[in-house]
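Numbering (our numbering), first residue to last: 352 to 1209.
As structure tokens, then:
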């Protein structure tokens, strides 16, 4: 038989089977059996034509009729398309009497949602919805898999797998018969599509074929579920103050746009901790509310006030956050938290999104805001409330900042000037109950001193030069507006000239509170009169740049000398201003050419005439290597140097800018080849060239190995209350040791801690000499520079179905944060895709730091 004849025969057979099955399945009554070659019987007149989605398409090599058994068989590479399903097999037989379809040999069903069902034999109803399948294997669109020796589907939506196996892991390519990394083997697995739930009876969890856990009954959502009520993964606790504990969250899917999660937690030492989280999404935004609370059974497991919450029976917290869009340009929101005490979050491991991202500060920041933004303007109004989470900080010394308003508007290429015109405004108002102090040159005096602890910074002598005022009690407000303009002009030689002009005005309202013993001490340092005063600061400037470009065989080089001069009148009222937002000043290459000045906030402003000069080099070598270097210096040419005039917190002193010729600043970046980066920044004394500040880092990364080294060294700043040099070294790395496996480790060295140890020894030894009978003789610390401040290492396994991670970390006692003992923690996390996640952390040693408010005896 020729190829053309074969194609005709194949088409005829397929058409015949399609006609037979489609008619039989679509008609309310089946047609009579007929002999081969007989004229087909007419369909009943009342029969309704099949809808397009109900029509059957059949493709097969041949069609076999058996009039005696009343069967029609399609044989050879059979493919049937019906109601979105595709059936493939070596042979498909339709039994007209029993209304059953049997698929034999390489049988396969592809559902409309992408699920693939394979088996040795299918015995299905004539609509392919129900039936039995032997040696079943199911692969869902999300790559989850079921298998069973035999399975039954009923009502077109319930699958029952006898002796079923479920896994989300892909089979091994080299050895498909090998058990996956994990699987759930059960006496019966029941998948109810209408409920979107999978039930497991007499189930056991196996890893690499080895049973490790048995569960009589469990259930979980199927792959189609995004949100469903039910229990979530449990959480476990074990601390000295809480005892052993387990929390079992229950998720309530109340509606598609809101839900509630309840988490009862039982703690063997403290009783029941209740937690609830409500989440609600609306048309223009969303918000959430979280509440926690407990009536403690053993409050004395915690230190008494003011070091802990040992005097409280009930402890709790309330947090909420939200964000809503008024229109595409405007939005408002909030992120707020409150708690009965500052130790509650840490003691009970409560998640709080208001925590400061800088863990050293240990505070919760609550804020509410209104924000608007366009392509050329930006507006932000917000308020702040700070809750310290460290026993050494006093809540009354924390400011309530309300409001803070910022506005920025830029006009590109105004018709009468060209360049860019910028308008900036800021309004800040804050209130504080108690004044905050810092002692010079080192903090040794506290407002509260007992034999066992010292709290709240104070000063031995409240005078300028021996005591700083970190914040005034009472109200401090300021309003600032500024207009500035600049424009880049390139002359025919390629030189770039940038003229600049600005005008700034400030209005201050200072209403200090000097009532009480503590607040009254500010009068010996600062002007405490109620007053409203202003400040104006015009400025004009010019920047010059001239890039020189050179191309060589080994790269392209750009050398660009830069010079900038800005003329301003002298800064006024610097000693009358309560500096709240410009206390941090780091002079480096990043702010060398800053037009608005080098102070970090609005309360201080640069005055006098200053020139900033430097040179920039950029080189590119080959496709990926590059180098970048900037070096420069700043000079006070005329007028009073603002950085040499200390305010109430001495901002500007010891900054490298407090002399007419500043320190030299430099910044470098180098990447000799792909994956390797060197960065560094330094500030050098202009006379001795000794380093005053160094920041350096090196990173190397490949697909197998990553490593980084970081180094920082900062010289003392005694006028700011920093009497000792700070120096540290960090080492971090990770290594992929095998497919899916990686290890990581890190260590942080405090290279100057040995100096602190010796200073402490001198103090203790002096006290011993003064009273040798009542104080034990201290032991001299034989410590060196390489003292660890923190260590960590971990092991991770990640593949398509499993994440396993275990880590160990040790944080050494940080007396600045109130810790007196090292903290050692082991953390474990196991996530099985689609089944859930289990995580656990354990503090080793059974003790907690004083900063946690936990008694060392617990």
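Built from N, CA and C at the ideal position, the CB exists for glycine as well.
Whose C-beta lies closer than 6 Å to the C-beta of residue i among residues of the same chain, with five residues either side of it excluded?
| i | result |
| --- | --- |
| residue 918 | 891, 960 |
| residue 908 | 901, 970 |
| residue 690 | 668 |
| residue 1086 | 1056, 1094 |
| residue 1018 | 940, 981, 1032 |
| residue 644 | 625, 667 |
| residue 830 | 778, 858 |
| residue 1190 | 1180 |
| residue 1156 | 1147, 1180 |
| residue 1078 | 1064, 1102, 1103 |
| residue 809 | 788, 796, 797, 798 |
| residue 1195 | 1175 |
Between residue i and the rest of its own chain, which residues show a CB-CB distance below 7 Å, the 5 nearest in sequence each way excluded?
| i | result |
| --- | --- |
| residue 765 | 772 |
| residue 963 | 915, 943, 944, 983, 985 |
| residue 1203 | 694, 697, 698 |
| residue 617 | 596, 597, 623 |
| residue 753 | 734, 780 |
| residue 675 | 635, 636, 682, 683, 684 |
| residue 714 | 707, 737, 738, 739, 740 |
Using DSSP's beta-bridge definition, name the partner residues of residue i.
| i | result |
| --- | --- |
| residue 476 | 451 |
| residue 446 | 422, 451 |
| residue 325 | There is simply no residue 325 to check, as the chain begins at 352 and stops at 1209 in what is shown. |
| residue 837 | 771, 851 |
| residue 731 | 722, 757 |
| residue 616 | 598, 624 |
| residue 1157 | 1146, 1179 |
| residue 563 | DSSP lists no partner for residue 563. |
| residue 1189 | 1181 |
| residue 543 | 509, 548 |
| residue 1095 | 1085, 1145 |
When the Cα of residue i is compared with those of the options, which residue comes out closest?
| i | options | result |
| --- | --- | --- |
| residue 925 | 811, 1059, 885 | 885 |
| residue 1233 | 481, 519, 581, 477 | Because the chain spans 352 through 1209 in this model, residue 1233 falls outside it and cannot be assessed. |
| residue 823 | 1070, 1068, 750, 567 | 750 |
| residue 994 | 950, 489, 1037 | 950 |
| residue 428 | 457, 1114, 856 | 457 |
| residue 1102 | 500, 1134, 937 | 1134 |
| residue 562 | 665, 1129, 539, 532 | 532 |
| residue 1154 | 692, 1183, 529 | 1183 |
| residue 1096 | 1143, 812, 422, 871 | 1143 |
| residue 1276 | 871, 846, 933, 936 | Outside the modelled stretch of the chain, which goes from 352 to 1209, sits residue 1276, for which no answer is possible. |
| residue 1125 | 1117, 1132, 534 | 1117 |
| residue 541 | 510, 979, 558 | 510 |
| residue 499 | 507, 512, 493 | 512 |
| residue 671 | 738, 648, 628 | 628 |
Let me know if residue i comes out buried or exposed under the rule of 16 or more other beta-carbons within 10 Å of its beta-carbon.
| i | result |
| --- | --- |
| residue 694 | buried |
| residue 1193 | exposed |
| residue 1205 | buried |
| residue 592 | buried |
| residue 1001 | buried |
| residue 1035 | buried |
| residue 1009 | buried |
| residue 445 | buried |
| residue 565 | exposed |
| residue 656 | exposed |
| residue 504 | buried |
| residue 999 | buried |
| residue 788 | buried |
| residue 842 | exposed |
What residues in its chain sit with their C-beta under 8 Å from that of residue i, if we drop five residues either side in the sequence?
| i | result |
| --- | --- |
| residue 364 | The predicted position of residue 364 is uncertain, since its pLDDT is 40 and thus under 50; no value can be drawn from it. |
Which residues bound the alpha helix (DSSP H) around residue i?
| i | result |
| --- | --- |
| residue 1108 | 1104–1121 |
| residue 869 | 868–871 |
| residue 699 | From DSSP, residue 699 is part of no alpha helix (DSSP H); its letter is neither H nor E. |
How would you write the range of the beta strand (DSSP E) that residue i sits in, first residue to last?
| i | result |
| --- | --- |
| residue 1088 | 1077–1089 |
| residue 888 | 882–896 |
| residue 586 | 586–590 |
| residue 961 | 960–972 |
| residue 984 | 976–989 |
| residue 818 | 818–822 |
For the ligand NAD, is there any heavy atom lying closer than 6 Å to the beta carbon of residue i?
| i | result |
| --- | --- |
| residue 842 | Among the components modelled here there is no ligand, and therefore nothing to report on the ligand NAD. |
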